[in-house]
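If you're matching positions, the sequence shown starts at 1 in full-length UniProt numbering and goes up one per residue. Below: one structure, written as structure tokens.
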Amino acid sequence: MTLLVKALIDKMIKDGDVEYFEYNEFSSIKEIGRGAFGEISKAYLGSNRSEVALKTFINEHSSIEEEKLNEFVKELNLLRKVCHENINTCLGITKNHHGKYFMVLEYANNGNLRQYLSKKFNSLEWKNKIQMALNITCGLKYLHSEGIIHRDLHSKNILVKDDGKLLIADFGLSKKLVEASSNSIANTLGIPQYTDPRCYGITKFKKDKKSDIYGLGVLLWEISSGFPPQRDNQRGDREDPIEGTPLKYLQLYQRCWDDDPKLRPDIEKVYEILTQLSQLDEESLELQFDIKNNYNLQTYNYYRDSQSMQEASIINNSNTNHDSKQDDLSIPDSRNILVVGLTSCGKSTLCNVLTETHAFKESERPDSETSNLQKKNFEVNGTKYCAVDTVGFRHTNLSAKEVLDKIKEGIYLMPEGISQILYVIDKPFTVGEIKMFELFEKTIFESNILEFFTIVRTKFGNFKIPNERQKENNKMLEENETIAKIVKSCEGVIYVDNPPINIRVYDQDINDKDDIINNKKLRARSRTILLNHLKNVRQEKYFKLKTWDELYTKIVNYIEDNSPEKEVELDQGFKKLKIDE
Numbered sequence: 001m002t003l004l005v006k007a008l009i010d011k012m013i014k015d016g017d018v019e020y021f022e023y024n025e026f027s028s029i030k031e032i033g034r035g036a037f038g039e040i041s042k043a044y045l046g047s048n049r050s051e052v053a054l055k056t057f058i059n060e061h062s063s064i065e066e067e068k069l070n071e072f073v074k075e076l077n078l079l080r081k082v083c084h085e086n087i088n089t090c091l092g093i094t095k096n097h098h099g100k101y102f103m104v105l106e107y108a109n110n111g112n113l114r115q116y117l118s119k120k121f122n123s124l125e126w127k128n129k130i131q132m133a134l135n136i137t138c139g140l141k142y143l144h145s146e147g148i149i150h151r152d153l154h155s156k157n158i159l160v161k162d163d164g165k166l167l168i169a170d171f172g173l174s175k176k177l178v179e180a181s182s183n184s185i186a187n188t189l190g191i192p193q194y195t196d197p198r199c200y201g202i203t204k205f206k207k208d209k210k211s212d213i214y215g216l217g218v219l220l221w222e223i224s225s226g227f228p229p230q231r232d233n234q235r236g237d238r239e240d241p242i243e244g245t246p247l248k249y250l251q252l253y254q255r256c257w258d259d260d261p262k263l264r265p266d267i268e269k270v271y272e273i274l275t276q277l278s279q280l281d282e283e284s285l286e287l288q289f290d291i292k293n294n295y296n297l298q299t300y301n302y303y304r305d306s307q308s309m310q311e312a313s314i315i316n317n318s319n320t321n322h323d324s325k326q327d328d329l330s331i332p333d334s335r336n337i338l339v340v341g342l343t344s345c346g347k348s349t350l351c352n353v354l355t356e357t358h359a360f361k362e363s364e365r366p367d368s369e370t371s372n373l374q375k376k377n378f379e380v381n382g383t384k385y386c387a388v389d390t391v392g393f394r395h396t397n398l399s400a401k402e403v404l405d406k407i408k409e410g411i412y413l414m415p416e417g418i419s420q421i422l423y424v425i426d427k428p429f430t431v432g433e434i435k436m437f438e439l440f441e442k443t444i445f446e447s448n449i450l451e452f453f454t455i456v457r458t459k460f461g462n463f464k465i466p467n468e469r470q471k472e473n474n475k476m477l478e479e480n481e482t483i484a485k486i487v488k489s490c491e492g493v494i495y496v497d498n499p500p501i502n503i504r505v506y507d508q509d510i511n512d513k514d515d516i517i518n519n520k521k522l523r524a525r526s527r528t529i530l531l532n533h534l535k536n537v538r539q540e541k542y543f544k545l546k547t548w549d550e551l552y553t554k555i556v557n558y559i560e561d562n563s564p565e566k567e568v569e570l571d572q573g574f575k576k577l578k579i580d581e
């Protein structure tokens, strides 16, 4: 450190431009990390033993021009006046016995935001995430109002206190010193994923408030995902939206990280939107997402026009003619399997067998029913699948609002489209099941939906005997024209048996134990049949419903106008979803 640097800092202390603490006022000093200029320690200050952090802020070997150092001194004078609940306050300066200078900072017990999210993310609700985003925004809003630019917002520079409150740290003066004492581009840019893209394209670009807004946008995404960003923003890449993100929140962070700084909101606007979201309850936040928007944003890195997919019915990655705006759209990473059928037909059991889990609630009695959609991601030999078990159609007594919510969930769980629909029956076709098929084809889906259907005949004890399977097939083809048309048009009929394995064993009954073992073997055989079928059908096509966009509009209208008249209208519109035999 040059004599000039020491002289200037000593003059600041002497003139009272910065609070100075004698080093012997600190006790139990313990190093807890390393920063850009060296060590970071935890210590106790004074007789009341307030927890503080001590951070070196001048590199011993730094060489700083006088003009740059004077600029640093001016900013330090400004920062000593900073006092906000979401700012990691700089309490002052101290100097150890070796002449090394330290900033004395407020201490945060829960570490930085990245560490906190890795440990606590699964316990956070959207209300918590909105409040965290608002904490950062409030701190940045204060800095900008004071004319201070952070220059390096990222999740390691956001600290978390015991009460969950977030503090913006490591701003202003340390960034000035980095820029003043190093010619390294890496040092001046910061972490690439949070860095304003203009830094890479404009020579000697000087970060501004809109640069902070860019970093804030990435932080908002990180809070929604729980993961640090990985995308290369120099190429225009951005992180994919996270399932379940409220629409206004999603739109906000996308505006914040827009390549064009003119399109980024100022901090006042960010604060306004997050404040509105913070006043909503958890259920209302969950209803804020936009199904179409989330679907389109899965392909955000291929094209920016969020309206370009609204007319797509089938996403086909083959070489056939289709909308040119889909040319860059690759097959989704996961093959989405929608499982449908009447209540108690064995849908949930089939999903457990398929996923090889107990994630789906199985019926414990003939009249039991599932009132919620169930979903599970799984992988087999490198192929990723997503199984979604729908609400049963026969005995489910839901209001129009509840039906809307279930449809909304089903749409949102498969934004990329459907790879295959497994239509589960547990006995020969009934009148109710024929009506249900007609409903799928004419009302909910479109005329070509049968191409994506596979009939799964479950509870078929003779499923291992080819002759018995063929007999059942012939019976369906001969029963009536409607059933014959269904069987001929769909991807086929497969036969399985998934007997229960949650059998209670009384008094170590050997027979019960044997039944469980045998039933597990039958279910394993059924799984092999199902997976072999899925492996061989329509890997190149995905079905997306035009009707879903229409249903989305009805859902939004319902949410915005929950009037008695709207309830009656929707009840009439969705009565056809409740089928009686």
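Note that CB positions come from ideal geometry on N, CA and C, so glycine has one too.
**Message:** Tell me the DSSP secondary structure of I529 in three-state form.
**Reply:** helix
**Message:** Let me check understanding here. Comparing Cα to Cα, which of E282, L153 and I191 lies closest to C256?
**Reply:** L153
**Prompt:** Does the region 352–359 come close enough to the region 515–530 to have 3 or more Cβ pairs within less than 8 Å?
**Reply:** yes
**Asked** For M132, which of E268, N96 and N86 has the nearest alpha-carbon?
**Response** N86
**Prompt:** Is the region 213–228 in contact with the region 248–266, if contact means three or more CB pairs nearer than 8 Å?
**Reply:** yes
**Asked** Could one say the Cβ of L219 lies closer than 8 Å to chain D's Cβ atoms, at least one of them?
**Response** In summary, chain D is missing from the structure at hand, where a single protein chain is found.
**Request:** Rounded to whole angstroms, what's the CA-CA distance from E179 to K269? Just pull it up for me.
**Result:** Residue placement at E179 is poorly supported in this model, since its pLDDT is 47, which falls under 50; the coordinates are not used for a value here.
**Message:** So for L177, helix, strand or coil by DSSP?
**Reply:** Here the model assigns L177 a pLDDT of 43, short of 50, so the residue's position is not dependable and the matter cannot be decided.
**Message:** Does the region 99–114 come into contact with the region 154–171, if we say contact requires no fewer than three beta-carbon pairs (one atom in each stretch) closer than 8 Å?
**Reply:** yes
**Message:** Which same chain residues end up closer than 7 Å to F453 when comparing Cβ atoms and leaving out the 5 residues on each side of it in sequence?
**Reply:** I421, Y423, C490 and E491
**Prompt:** With 16 other CB atoms within 10 Å as the buried threshold, where does S47 fall?
**Reply:** exposed
**Request:** Provide the residue span of the beta strand (DSSP E) that contains V104, from first to last.
**Result:** Y101 to E106
**Spatially closest choice to I32 from D17, V52 and R469, by CA coordinates** = V52
**Prompt:** Where does T94 sit, in a helix, a strand or coil, going by DSSP?
**Reply:** Strand.
**Prompt:** Is it right to say I483 is buried, meaning 16 or more other beta carbons lie within 10 angstroms of its own, or is it exposed?
**Reply:** buried
**Message:** Suppose the cutoff is 8 Å on Cβ atoms and the five residues either side in sequence are ignored; what does the same chain contact list for H97 look like?
**Reply:** Y23
**Request:** Grab the span of the beta strand (DSSP E) containing residue 614 for me, first residue to last.
**Result:** No answer is possible for residue 614: the residues shown for the chain start at 1 and end at 581.
**Prompt:** Applying the criterion that 16 or more other CB atoms from any shown protein chain within 10 Å of the CB defines a buried residue, is L177 buried or exposed?
**Reply:** Residue confidence for L177 is low, a pLDDT of 43 falling below 50, so the modelled location carries little weight; the figure read from the coordinates is stated next. Buried, because 16 or more other Cβ atoms sit within 10 Å of the Cβ of L177.
**Asked** Whose C-alpha, out of T458, S50 and L280, is nearest the C-alpha of residue 582?
**Response** The chain is shown only over 1 to 581; residue 582 falls outside these bounds and no answer can be derived.
**Prompt:** Can you tell me the Cα-Cα spacing of D170 and R335, whole angstroms?
**Reply:** Spanning the two alpha carbons is a distance of roughly 44 Å.
**Asked** Which residues mark the beginning and the end of the beta strand (DSSP E) in which D212 is found?
**Response** Where D212 is concerned, there is no enclosing beta strand (DSSP E), although the alpha helix (DSSP H) it sits in stretches over K209 to S225.
**Prompt:** Whose CA, out of K427, I434 and I40, lies closest to the CA of Y495?
**Reply:** K427
**Item:** Buried versus exposed, by CB contacts within 10 Å (16 or more), C83
**Value:** exposed
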